[in-house]
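Participant: Structure incoming, see below.
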Amino acid sequence: MKRLVALALSPDGQVNDEVASELLSQLSRSDLKRFLAAFRLELKKRVVLVSLAGRPGARLDETIARAWPGRRLDVETDEALGAGVKVSAGDDIVDASVHGYIREIIEELGDT
Amino acid sequence: MKAEDLVRQIEERLGTLEVRPEVANMGRVISVADGIVRADGLSRAGYGELVEFEDGRRGLIMNLDEDFASILVLSEDNSVPEGMEVRSTGTPLSLQVSDDLLGRVIDPFGTALDGKPLSVTGGSLVALERIAPGVTKRAPVDAPLKTGVKVVDALTPIGRGQRQLIVGDRNTGKTALVIDTIINQRSRDLGLPQVVCIYCAIGQKRGSIARTVAKFQDEGALGYTIVVAASASTPASMQYLAPFAACAIGEYFMEKGRDALVVYDDLSRHAWSYRQISLLLGRPAGREAYPGDIFYLHSRLLERAARLNKAGGGGSLTALPIIQTQAGDISAYIPTNVISITDGQIYLETDLFNSGIRPAVNAGLSVSRVGGKAQSKSLRQVSGLMRLELAQYQSLAAFSQFGSDLDEATQKRIVRGKRIMEILKQPQFSPIDDLAQTVSIHAAGTGLLDEVPQEKVAEFERRVMDHLRTGSAALCARIGSGARLDDATVKELDAAISELARTLRNPPPAAPNPPPAAR
Chain Y
0 MKRLVALALS
10 PDGQVNDEVA
20 SELLSQLSRS
30 DLKRFLAAFR
40 LELKKRVVLV
50 SLAGRPGARL
60 DETIARAWPG
70 RRLDVETDEA
80 LGAGVKVSAG
90 DDIVDASVHG
100 YIREIIEELG
110 DT
Chain U
0 MKAEDLVRQI
10 EERLGTLEVR
20 PEVANMGRVI
30 SVADGIVRAD
40 GLSRAGYGEL
50 VEFEDGRRGL
60 IMNLDEDFAS
70 ILVLSEDNSV
80 PEGMEVRSTG
90 TPLSLQVSDD
100 LLGRVIDPFG
110 TALDGKPLSV
120 TGGSLVALER
130 IAPGVTKRAP
140 VDAPLKTGVK
150 VVDALTPIGR
160 GQRQLIVGDR
170 NTGKTALVID
180 TIINQRSRDL
190 GLPQVVCIYC
200 AIGQKRGSIA
210 RTVAKFQDEG
220 ALGYTIVVAA
230 SASTPASMQY
240 LAPFAACAIG
250 EYFMEKGRDA
260 LVVYDDLSRH
270 AWSYRQISLL
280 LGRPAGREAY
290 PGDIFYLHSR
300 LLERAARLNK
310 AGGGGSLTAL
320 PIIQTQAGDI
330 SAYIPTNVIS
340 ITDGQIYLET
350 DLFNSGIRPA
360 VNAGLSVSRV
370 GGKAQSKSLR
380 QVSGLMRLEL
390 AQYQSLAAFS
400 QFGSDLDEAT
410 QKRIVRGKRI
420 MEILKQPQFS
430 PIDDLAQTVS
440 IHAAGTGLLD
450 EVPQEKVAEF
460 ERRVMDHLRT
470 GSAALCARIG
480 SGARLDDATV
490 KELDAAISEL
500 ARTLRNPPPA
510 APNPPPAAR
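Protein chains in written order, with numbering that gives the first Met the number 0: chain Y, 0 to 111; chain U, 0 to 518.
Structure (structure tokens):
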């Protein structure tokens, strides 16, 4: 499936129409489901989603580009974080928010 | 606890908390079936890594496919909902081990099953899966692990650090033999250090496990024993992990310089549980539907049994795996695998069991490849002769039905062989020390019992030991030391046994009854 996704989606994010129509006509229903899951995962990997409680800083773009080069940056506001930032890049999550700290504290206290 | 104490504890906790951004590798459950979860994501997770589900349940990564990871759910409740988040932990499955576990019954994750609170303080966190000690860390097996069972200690002796298979059909006394071995460790025979015992019950009925634990309790063996139980009602994942947990516990004690014994009861059921998991994971099935790595499963487990050299602390881990055969077929897949991995096997036979020979050990098919070097010198000296006599008897046994038609020499061999077979019988839960074993086997092998009626051999054996222990303490001390028996000791022992045999053959006349008292 990963190879099919690589054929269908170019590194710059463009879909190859020819491959896409071939896939739609040739793949069975179950294979299409698998393809969709792999395609979504690939799209997710190409995007870095930054959730912030407040306004983004001036050097956010630069910092993200250094850590995850070549990925698109999406920024969203999430007041539930309290303060700080939460970055989702593919299946990696870096949680440096107040919400995350509190959860971590609760887990630690629960272990004691 | 007072409210102020709680506030103080939280403040202390918060004061020491190292606040760093949490970095996690996440996945999402895409399908669940029969305790196997498939999750996408988890691109950084490794094989055998522990993962945590959103609701706190844990899982073990068993397969890493191109598009998903297959996870074994490590709880009795397998109902993980689709879409649930799962995060990698970066750690292997581990267990906290310390002396606090002694006398307890636990599951493979260290949770108490005996209804009492368990708090394991100190000790170490040990991984269930580990690489076995290397060649340079090992020392030769040179100290005996006494089972207290005459036929085993004499014919197929076990050394500390050895792997000895116990194989046989159902109801042939396999578990009874290992229970006797564990019970015998309380006596510290030959002045050897105490052995920490780990009994691992795999796929057994809960009632059977409870009976075994009660027996340990009754015999005073529970204090130095840990029972790791994954009963038949637990998921295959727990049965698969139980022997690895037991081995990890044994390794902890071995690395502390102590001697440990781990019993896997039994590895046939362990192979079944692994076959079930492998089939559910979609791995290709091989012979008897077992996966291709079934040999490696047992070899990597049993290879962890070792005797460490002095630089490594000098501890040992002895493994007694049990395999159940079907209709006496020891050439089946799993038995032959484990036979080739271990350093010997004790084969228990249904026919012997049914004919009243218990333990029903088939001396011809049983072998110990390294234990002989660890046997006490005195027992090795006397058992060599007995082994020869027994082999001759077994080759002549078929002729014994012809009775008087045989020549005198053959009849003598048969008579002696029958006495040897009789002396090797031993009731359950009555292990005996090296001294009693040496005396009994010497008496049978040298023909001192030839004149004793076969049905009185057991009684004679008991009386000889009583006689020696009460009247010949110095002789007992010499024999019980385990040193080679010199000519004078052998002569003295022969004289003592012969004298008692004579007394039994010709009992002294009973004292006349006193006349009735006059009224």
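Glycine included, C-beta positions come from ideal geometry on N, C-alpha and C.
Contact defined as beta carbons within less than 8 Å: I believe Ser232/U pairs with Ala200/U. What is the distance between those atoms, to the nearest angstrom?
Facilitator: With a Cβ gap of about 12 Å, Ser232/U and Ala200/U do not count as contacting.
Participant: Interface residues of chain Y around Gly40/U at Cβ under 7 Å?
Facilitator: The answer, in chain order, is Asp90.
Participant: Could you check whether Leu300/U and Tyr273/U sit closer than 8 Å to each other, using their CB atoms as the reference points?
Facilitator: Not closer than 8 Å, so no.
Participant: Three-state secondary structure (DSSP) at Pro242/U?
Facilitator: In this structure, Pro242/U counts as helix in the three-state DSSP scheme.
Participant: By how many angstroms is the C-alpha of Val119/U removed from the C-alpha of Asp350/U?
Facilitator: Cα-Cα distance, rounded: 46 Å.
Participant: Please determine, among Ala362/U, Ala435/U, Gln425/U, the residue with the shortest C-alpha to C-alpha distance to Val381/U.
Facilitator: When only C-alpha atoms are compared, the closest one is Ala435/U.
Participant: With a threshold of 8 Å on Cβ separation, who are the neighbours of Glu78/Y within its own chain once the five nearest residues in sequence on each side are excluded?
Facilitator: Around Glu78/Y: Ala52.
Participant: So is Asp94/Y in contact with chain U if we call contact Cβ pairs under 8 Å?
Facilitator: Yes, its Cβ sits closer than 8 Å to a Cβ of chain U.
Participant: Let me know the beta strand (DSSP E) ranges lying completely inside the stretch 164–232 of chain U, each 3 residues or longer, listed in chain order.
Facilitator: Complete beta strand (DSSP E) runs here, min 3: 164–167, 194–201, 224–229.
Participant: State yes or no: is the beta carbon of Leu108/Y nearer than 8 Å to at least one beta carbon in chain U?
Facilitator: It does; some Cβ of chain U falls within 8 Å.
Participant: Using C-beta distances below 8 Å, list every residue in its chain close to Gly371/U, excluding the 5 sequence neighbours before and after it, in chain order.
Facilitator: Excluding positions up to five away in sequence, the list reads Pro156, Arg379.
Participant: Check whether the Cβ of Ala36/Y lies closer than 8 Å to any Cβ atom in chain A.
Facilitator: Given the protein chain composition of this structure (Y and U), no chain A is represented.
Participant: For the stretch 64–82 of chain U, enumerate the residues whose C-beta is nearer than 8 Å to any C-beta of chain Y, in chain order.
Facilitator: Listed by position, the residues of the stretch 64–82 of chain U near chain Y (Cβ gap below 8 Å) are Glu65, Asp66.
Participant: With H, G and I counted as helix, E and B as strand and the rest as coil, what does DSSP make of Asp493/U?
Facilitator: Correct three-state label for Asp493/U: helix.
Participant: If we call anything under 8 Å between Cβ atoms a contact, is Gly26/U one with Gly40/U?
Facilitator: Yes. Within cutoff.
Participant: Against chain U, does Arg54/Y count as a neighbour if the rule is that its beta carbon must be under 8 Å from one of theirs?
Facilitator: Taking Cβ atoms only, chain U never reaches closer than 8 Å to Arg54/Y, which makes this a no.
Participant: I want to see whether chain U comes within less than 8 Å of Gly99/Y, judged by CB atoms only; does it?
Facilitator: Chain U contact via Cβ: present.
Participant: Using a C-beta cutoff of 8 Å, does Ala40/Y count as contacting chain U?
Facilitator: Checking the sequence, you will find Leu at residue 40/Y rather than Ala. Leu40/Y counts as touching chain U.
Participant: For the pair the stretch 146–161 of chain U and the stretch 324–333 of chain U, tell me if three or more CB-CB distances fall below 8 Å.
Facilitator: With the cut-off at 8 Å, the stretch 146–161 of chain U and the stretch 324–333 of chain U do not touch.
Participant: Which residues in chain Y have a C-beta closer than 7 Å to the C-beta of Asn24/U? List them in chain order.
Facilitator: In chain order: Asp90, Asp91.
Participant: Please give the ranges of any beta strand (DSSP E) in the stretch 19–107 of chain U, keeping only runs that are unbroken, at least 3 residues long and fully inside the region.
Facilitator: As far as the stretch 19–107 of chain U is concerned, its whole beta strand (DSSP E) runs of at least 3 residues are 21–32, 35–40, 48–52, 57–63, 68–72, 84–91, 93–96.
Participant: Determine the extent of the beta strand (DSSP E) in which Pro320/U is found, giving its start and end residues.
Facilitator: That run of the beta strand (DSSP E) goes 315–323.
Participant: Among Val31/U, Arg187/U, Asp66/U, Gln8/U, which has the Cα closest to the Cα of Arg33/Y?
Facilitator: Nearest C-alpha to Arg33/Y: Asp66/U.
Participant: Residues in the same chain with beta-carbon distance under 8 Å from Glu11/U, minus the five sequence neighbours each way, listed in chain order, please.
Facilitator: Cβ within range, chain order: n/a, list empty.
Participant: Taking the straight line between their C-alpha atoms, what separation do you get for Asp113/U and Thr488/U?
Facilitator: Each residue's alpha carbon lies about 50 Å from the other.
Participant: Would you kindly report the start and end of the unbroken alpha helix (DSSP H) that includes Tyr289/U?
Facilitator: Note, Tyr289/U: premise wrong, no alpha helix (DSSP H); not H, not E.
Participant: So the candidates are Lys145/U, Ser429/U, Ser123/U; which of them puts its Cα closest to the Cα of Thr317/U?
Facilitator: Of Lys145/U, Ser429/U, Ser123/U, the residue nearest in Cα terms is Lys145/U.
Participant: Looking at the secondary structure, which residues open and close the alpha helix (DSSP H) in which Val438/U lies?
Facilitator: 433–444 is the extent of the alpha helix (DSSP H) around Val438/U.
Participant: Which chain Y residues are close to Pro20/U, counting only those with a beta carbon under 8 Å from its beta carbon?
Facilitator: Near Pro20/U (Cβ distances below 8 Å), the residues of chain Y are Val93, Asp94, Ala95, Gly99.
Participant: Relative to the alpha-carbon of Tyr263/U, which residue among Gly249/U, His466/U, Pro132/U has its alpha-carbon at the smallest distance?
Facilitator: Nearest of Gly249/U, His466/U, Pro132/U to Tyr263/U, Cα basis: Gly249/U.
Participant: Given a cut-off of 8 Å, decide if Gly446/U and Arg415/U are closer than it, judged by their beta-carbon atoms.
Facilitator: Yes, these two residues count as a Cβ contact at 8 Å.
Participant: Since Arg28/Y meets chain U, which of its residues come closer than 9 Å, beta carbon to beta carbon?
Facilitator: Here the premise fails: no neighbours, minimum Cβ distance about 16 Å.
Participant: Taking a contact to mean a Cβ-Cβ separation below 8 Å, would you say Leu71/U touches Ile293/U in this structure?
Facilitator: Going by C-beta atoms, Leu71/U is not nearer than 8 Å to Ile293/U.
Participant: Which residue's Cα is closest to the Cα of Thr341/U: Ala23/U, Gly355/U, Ile322/U, Glu128/U?
Facilitator: Cα-wise, what sits closest to Thr341/U is Ile322/U.
Participant: Find the nearest neighbour of Arg70/Y within the set Ala82/Y, Ala5/Y, Gly89/Y, judged by alpha-carbon distance.
Facilitator: Taking only the C-alpha atoms, the option nearest Arg70/Y is Gly89/Y.
Participant: Determine the extent of the alpha helix (DSSP H) in which Gly479/U is found, giving its start and end residues.
Facilitator: Where Gly479/U is concerned, the enclosing alpha helix (DSSP H) stretches over 472–479.
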